[in-house]
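In what follows, a single structure is set out as structure tokens and then discussed.
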Amino acid sequence: HGPGRDAVDSTSNGTRGLWLGGYQGGGVVNAQIDYVTCATVGNASNFGNLSLARQQTGGAANVTRAVTAGGYINGASPLTQERMDYVTVATLGTAQIFGNASTRRWGNHGVTNDTRIVFSTGGANTASLMDYITIATLGNAQTFGNFISMNDGGFCGDGTRGVHIGGANMEYITIATLGGATNFGTMQTYGSNAYAGGVCGDGSRGVHTGGAINSPQASHVNIDYITIATPGNSTTFGNAFYSRYSQQSCSGG
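Going by the working numbering, the sequence shown opens with residue 5, and the numbers climb by one from there.
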């Protein structure tokens, strides 16, 4: 519902899926939040707006609250943002300010254990750094640890473990325990230069769809999956209907 856009954030509380912000073309960023009921096929409806229009925010949700962090605003000073917004997923309305990330960031993603959200840093200056927040408590983010390397991808989780999928190497963290990421396995479909695919999970399986590679420059239809609890290489799932990148995805419970 509303203008088409890319570079959005998406998340779900298991019942309702949200898409937040994005870029609608012509140098215009968007504040709109859309929602769907995951169990019901149909078009999205308007939920409300972010507190500040921006693209490439990233976050996660528990059953009550969704939090999205950072973002990018064309022509703004600074271009890259540190603001975190939150909404109560069951209640339509405008997002409220949660606090600030530890660094300005865009293209980041989040994963949750229902109490804590861990954010990747995406396009921030310290690209390997992760932050975390306690979802029920407003305030600024704290440092969690570092990735081994950082590729543009996304998080999925099973409530205990968060797996970051993107590029050749997948990495995982234990969400309740501060510290650096550990190697999970290798992406089979794309090779070392994959980026900007969509990632989601159902609490057991994580799925990566679409994305792009630099050489040759192309977007893809490929879908890969992993079992979140078992480190290892991804497996081919199938193909999407369209090839695309710079997308986001979410799943119901």
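Built from N, CA and C at the ideal position, the CB exists for glycine as well. All values reported here derive from a predicted model rather than from experimental measurement.
Checklist entry - Is it right to say T234 is buried, meaning 16 or more other beta carbons lie within 10 angstroms of its own, or is it exposed? => result T234 is exposed by the Cβ-count criterion.
Checklist entry - From L142, M191 and C204, pick the residue whose C-alpha is nearest to that of T119; which is it? => result Considering only alpha carbons, the answer is L142.
Checklist entry - Mapping DSSP to helix, strand and coil, what is T138? => result Here T138 carries a strand assignment [DSSP, helix/strand/coil].
Checklist entry - Sorted by chain position, which residues of the same chain lie with C-beta nearer than 6 Å to E86's C-beta, five sequence neighbours on each side aside? => result N104, A105 and R108
Item to check | Test item: CB-CB of V12 and G25 under 9 Å | outcome: Closer than 9 Å, so yes.
Checklist entry - In the structure shown, what three-state DSSP assignment does I152 receive? => result coil
Item to check | From R58, A64 and T240, residue whose alpha carbon lies closest to that of G79 | outcome: Closest by alpha carbon: R58.
Next on the checklist: Between the alpha carbons of G21 and G210, how many angstroms are there, rounded?
Outcome noted: 17 Å
Checklist entry - Does DSSP put R69 in a helix, in a strand, or in coil? => result In the structure shown, R69 sits in a strand (DSSP, three-state: E or B).
Item to check | Candidates L83, G189, D38 and I137, of which the one nearest L182 by Cα | outcome: I137
Checklist entry - So, helix, strand or coil for R58, using DSSP? => result coil
Checklist entry - What is the rounded straight-line gap between the Cα of M134 and the Cα of N187? => result 15 Å
Checklist entry - Can you tell me where the beta strand (DSSP E) with H212 in it begins and where it stops? => result R209 to T213
Checklist entry - Should A140 be flagged as near chain D, meaning a C-beta pair shorter than 9 Å? => result The structure shown contains no chain D, having only a single protein chain.
Checklist entry - Do G189 and M174 come within 9 Å of each other at the CB atom, strictly closer than that value? => result yes
Item to check | Local conformation of L4 per DSSP, three classes | outcome: Nothing can be reported for residue 4, as the shown portion of the chain is limited to 5 through 257.
Item to check | C-alpha distance - H168 paired with S124, whole-angstrom precision | outcome: 9 Å
Item to check | Run of the beta strand (DSSP E) containing H168, from where it starts to where it stops | outcome: R165 to I169
Checklist entry - Hey, S153 and Q192 are a contact pair by Cβ (cut 8 Å); roughly how many whole angstroms apart? => result Their Cβ separation, rounded to whole angstroms, is 18 Å, which puts S153 and Q192 out of contact at 8 Å.
Next on the checklist: Could you give the first and the last residue of the continuous beta strand (DSSP E) run that contains H93?
Outcome noted: According to the sequence provided, residue 93 is Val. The question's His does not apply to it. Per DSSP, V93 lies in no beta strand (DSSP E) segment and is marked neither H nor E.
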